[in-house]
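First the structure, in the form of C-alpha coordinates, and then the observations on it.
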Amino acid sequence: MALLVLAGVVNRNTPILQDKDLLGAWLYQLAELIEMHPVSLSTEGYEHWPAGAPSATLYIEESAITVHCYPETRFMEIVMHSCKAIPDPLGIARKIQAELQMDVRFYLYEPALDWRALSLKAHPSAAIVQEV
(Lines of atoms letter the chains of each structure in order from A and count residues from 1; the text may use other names and numbers.)
(Lines give C-alpha, C1' and ligand atoms only; values in the text may rest on other atoms or scores of the structure.)
Protein backbone atom coordinates (compact mmCIF):
# COMPACT_ATOMS: atom_id res chain seq x y z
CA MET A 1 0.00 0.00 0.00
CA ALA A 2 1.11 3.53 -0.63
CA LEU A 3 -0.38 6.68 0.81
CA LEU A 4 0.08 10.21 -0.53
CA VAL A 5 -1.50 13.13 1.31
CA LEU A 6 -1.32 16.72 0.09
CA ALA A 7 -3.15 19.59 1.75
CA GLY A 8 -2.98 23.32 1.43
CA VAL A 9 -4.51 26.63 0.47
CA VAL A 10 -5.35 27.02 -3.20
CA ASN A 11 -4.32 30.47 -4.34
CA ARG A 12 -5.83 30.21 -7.79
CA ASN A 13 -9.50 31.07 -8.16
CA THR A 14 -10.55 27.60 -9.28
CA PRO A 15 -14.17 26.49 -9.55
CA ILE A 16 -13.34 22.93 -8.44
CA LEU A 17 -13.40 24.24 -4.87
CA GLN A 18 -17.13 24.89 -5.24
CA ASP A 19 -18.40 22.55 -7.95
CA LYS A 20 -18.64 18.80 -7.33
CA ASP A 21 -18.91 17.98 -11.05
CA LEU A 22 -15.76 19.93 -11.91
CA LEU A 23 -14.00 18.37 -8.93
CA GLY A 24 -14.97 14.91 -10.21
CA ALA A 25 -13.65 15.68 -13.69
CA TRP A 26 -10.40 16.94 -12.17
CA LEU A 27 -10.01 13.66 -10.26
CA TYR A 28 -10.12 11.72 -13.53
CA GLN A 29 -7.26 13.90 -14.79
CA LEU A 30 -5.36 13.25 -11.58
CA ALA A 31 -5.80 9.48 -11.95
CA GLU A 32 -4.30 9.70 -15.43
CA LEU A 33 -1.38 11.71 -14.05
CA ILE A 34 -0.57 9.04 -11.47
CA GLU A 35 -1.09 6.21 -13.98
CA MET A 36 -4.05 4.71 -12.13
CA HIS A 37 -7.26 3.31 -13.59
CA PRO A 38 -10.65 4.87 -12.67
CA VAL A 39 -13.56 2.59 -11.78
CA SER A 40 -16.29 4.88 -10.40
CA LEU A 41 -16.79 8.32 -8.92
CA SER A 42 -18.76 9.51 -5.90
CA THR A 43 -19.26 13.24 -5.41
CA GLU A 44 -21.13 15.26 -2.85
CA GLY A 45 -21.87 18.95 -2.58
CA TYR A 46 -22.74 20.10 0.89
CA GLU A 47 -25.06 23.02 0.26
CA HIS A 48 -25.40 23.77 3.99
CA TRP A 49 -21.67 24.60 4.08
CA PRO A 50 -20.55 28.02 2.87
CA ALA A 51 -19.89 27.89 -0.89
CA GLY A 52 -20.88 24.23 -1.20
CA ALA A 53 -17.74 22.45 0.11
CA PRO A 54 -17.65 19.57 -2.37
CA SER A 55 -16.02 16.24 -1.60
CA ALA A 56 -15.28 13.45 -4.02
CA THR A 57 -13.88 9.96 -4.08
CA LEU A 58 -12.61 8.40 -7.27
CA TYR A 59 -12.41 4.66 -6.86
CA ILE A 60 -9.53 3.30 -8.88
CA GLU A 61 -8.50 -0.29 -9.61
CA GLU A 62 -5.58 0.32 -7.30
CA SER A 63 -7.73 1.79 -4.43
CA ALA A 64 -9.07 5.38 -4.16
CA ILE A 65 -8.38 9.11 -4.30
CA THR A 66 -10.40 11.34 -1.98
CA VAL A 67 -10.61 15.14 -2.01
CA HIS A 68 -12.27 17.46 0.48
CA CYS A 69 -12.68 21.16 -0.30
CA TYR A 70 -13.25 24.06 2.04
CA PRO A 71 -14.03 26.98 -0.31
CA GLU A 72 -14.49 29.54 2.44
CA THR A 73 -10.75 29.23 3.21
CA ARG A 74 -9.68 27.88 -0.23
CA PHE A 75 -8.29 24.81 1.58
CA MET A 76 -8.08 21.45 -0.20
CA GLU A 77 -7.06 18.04 1.11
CA ILE A 78 -6.10 15.25 -1.30
CA VAL A 79 -5.57 11.67 -0.13
CA MET A 80 -4.36 9.01 -2.56
CA HIS A 81 -4.38 5.43 -1.35
CA SER A 82 -2.98 2.73 -3.59
CA CYS A 83 -2.15 -0.96 -3.33
CA LYS A 84 0.87 -0.27 -5.54
CA ALA A 85 3.59 2.36 -5.40
CA ILE A 86 2.60 5.82 -6.60
CA PRO A 87 5.05 6.83 -9.34
CA ASP A 88 7.09 9.95 -8.52
CA PRO A 89 4.95 11.15 -5.57
CA LEU A 90 6.94 14.34 -5.05
CA GLY A 91 6.70 15.16 -8.76
CA ILE A 92 2.93 14.58 -8.65
CA ALA A 93 2.60 16.79 -5.56
CA ARG A 94 4.57 19.53 -7.30
CA LYS A 95 2.39 19.29 -10.44
CA ILE A 96 -0.76 19.61 -8.32
CA GLN A 97 0.85 22.47 -6.41
CA ALA A 98 1.70 24.30 -9.65
CA GLU A 99 -1.68 23.65 -11.29
CA LEU A 100 -3.67 24.91 -8.30
CA GLN A 101 -1.09 27.44 -7.13
CA MET A 102 -1.32 25.66 -3.79
CA ASP A 103 0.42 26.88 -0.68
CA VAL A 104 1.21 23.39 0.62
CA ARG A 105 0.64 23.06 4.35
CA PHE A 106 1.07 19.27 4.63
CA TYR A 107 2.74 16.59 2.50
CA LEU A 108 3.16 12.92 3.35
CA TYR A 109 4.18 9.96 1.24
CA GLU A 110 4.31 6.56 2.87
CA PRO A 111 5.40 3.92 0.34
CA ALA A 112 6.15 1.08 2.74
CA LEU A 113 2.72 -0.04 3.87
CA ASP A 114 2.96 -3.57 2.47
CA TRP A 115 -0.47 -5.08 3.06
CA ARG A 116 0.85 -8.61 2.57
CA ALA A 117 3.44 -8.17 5.33
CA LEU A 118 0.95 -6.34 7.57
CA SER A 119 -1.55 -9.20 7.25
CA LEU A 120 1.07 -11.46 8.86
CA LYS A 121 2.61 -9.13 11.45
CA ALA A 122 1.57 -5.78 12.92
CA HIS A 123 3.60 -2.65 12.18
CA PRO A 124 5.28 -1.15 15.31
CA SER A 125 2.84 1.78 15.11
CA ALA A 126 -0.02 -0.62 15.93
CA ALA A 127 1.29 -0.88 19.48
CA ILE A 128 0.11 2.67 20.14
CA VAL A 129 -3.47 1.65 19.48
CA GLN A 130 -3.25 -1.78 21.09
CA GLU A 131 -2.01 -0.46 24.46
CA VAL A 132 -5.15 -0.49 26.59
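Here the sequence shown stands for residues 17 to 148, where the numbers follow this note's numbering. Yeah, the Cβ is synthetic: ideal placement off N, Cα and C, and Gly gets one too. No experiment lies behind these values; they were computed from the predicted model shown.
> Straight-line CA distance for L20 to K137?
Replying inline: 23 Å
> With a CB to CB cut of under 6 Å and the five nearest residues on each side skipped, what residues in its chain are close to T59?
Replying inline: K36, G40, A72
> Hey, out of L57, L116, E78, whose CA is closest to I50's CA?
Replying inline: E78
> By a C-beta neighbour count over all protein chains shown, 10 Å radius and 16 as the cutoff for buried, is L134 buried or exposed?
Replying inline: exposed
>> Suppose only complete runs of 3+ residues qualify. What are the beta strand (DSSP E) ranges in the segment 81 to 107, listed by chain order?
In response: 91 to 98
> Does DSSP classify P31 as helix, strand or coil?
Replying inline: helix
> Between M154 and C85, which are expected to be in contact by the criterion C-beta below 8 Å, what is the C-beta distance as a whole number of angstroms?
Replying inline: No information on residue 154 is available, as it lies outside the stretch 17 to 148 that the chain covers here.
>> Please classify L22 as buried or exposed, where buried requires at least 16 neighbouring CB atoms within 10 angstroms.
In response: buried
>> Could you tell me the alpha carbon to alpha carbon distance between Y123 and L106, rounded to whole angstroms?
In response: 9 Å
> Ordered along the chain, which non-local residues of its own chain (more than five positions away) have a Cβ less than 6 Å from that of V25?
Replying inline: R90, F91, D119
> Around the C-beta of P87, are 16 or more other C-beta atoms found within 10 angstroms, so that it is buried, or is it exposed?
Replying inline: buried
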